[in-house]
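Taking the working numbering, the leading residue of the sequence shown gets -9, the next gets one more, and so forth.
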Amino acid sequence: MIHSCSAAVLLCRGWAYRWVDEGEQRWLSGRVAAISVAGLTLVACYHPLWRPDTRLEREECRRLLEEHCTLARAAHEWLFIGGDFNSSTGVRSLEMVAEGLSGAHGGFGLGEANDAGRDLLRWCTHNDLAWAGSFFRHRQRGTWWDANRHRWHEI
C-alpha cells in the first residue's frame, strides 16, 4: 500500500514488485496519492474536491489532479483517478448534452446530478476524461442506502 494521510493506492504482489523494480515513482500529498507503474498512472484522492473545507484546499487538490493529468499525457500513460468526490453525476440529461458534458458521462447514473456532480463533469471534460462508471448499466446502481432520505447513493 502506498498512502498519504487520507488516500491510498493498493497493489497486488506482482504489481507491487514491478513498481519497486521500476523505481517506486510516487507523488503524495495530504489527500492525494499517485503512483506510476507499467505505463499506468494511478491516482487516489479523498477530499470533497468540489465543496472543500477551504478555497486553498480546493485549489491545491485541483492543481495536483491537473498535474497528474499532464504528467500521464506527457509519458503517454493511461490515467486512472479514483476517489470520494462528494458529488452526484446522476443520469445524463438534456442539460448535460447542451453544456457539452455528454462525452464525460455515459448516460447511466442514479437520480439527478447536483452542482458538485456537474462541476466534476466539467472538470472531466476539460481534462479529456470520462466518468467510467456511467458508461454501463449496473444491476443495482447504489452502493449505500440512506435510511433518512429513503434512497440509494453511490460512492
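We treat Cβ as the ideally placed atom computed from N, Cα and C, and that holds for glycine.
Bear in mind that the values here come from a model prediction, so they are computed numbers and not experimental data.
DSSP places Thr79 in no alpha helix (DSSP H); its state is neither H nor E.
Judged by DSSP in its simplified three-state form, His116 adopts helix. In this chain, the alpha helix (DSSP H) harbouring Leu84 covers 84 to 89. In this structure, Gly107 sits near Ser77, with a CB-CB distance shorter than 7 Å. Per DSSP, reduced to three states, the secondary structure at Gly123 is helical. Contact between Thr60 and Gly90 is absent: CB atoms are separated by about 22 Å, not below the 8 Å threshold. The beta carbon of Val27 lies closer than 8 Å to those of Leu1, Trp5, Arg8, Trp9, Glu12, Gln15 in the same chain, with the five residues before and after it left out.
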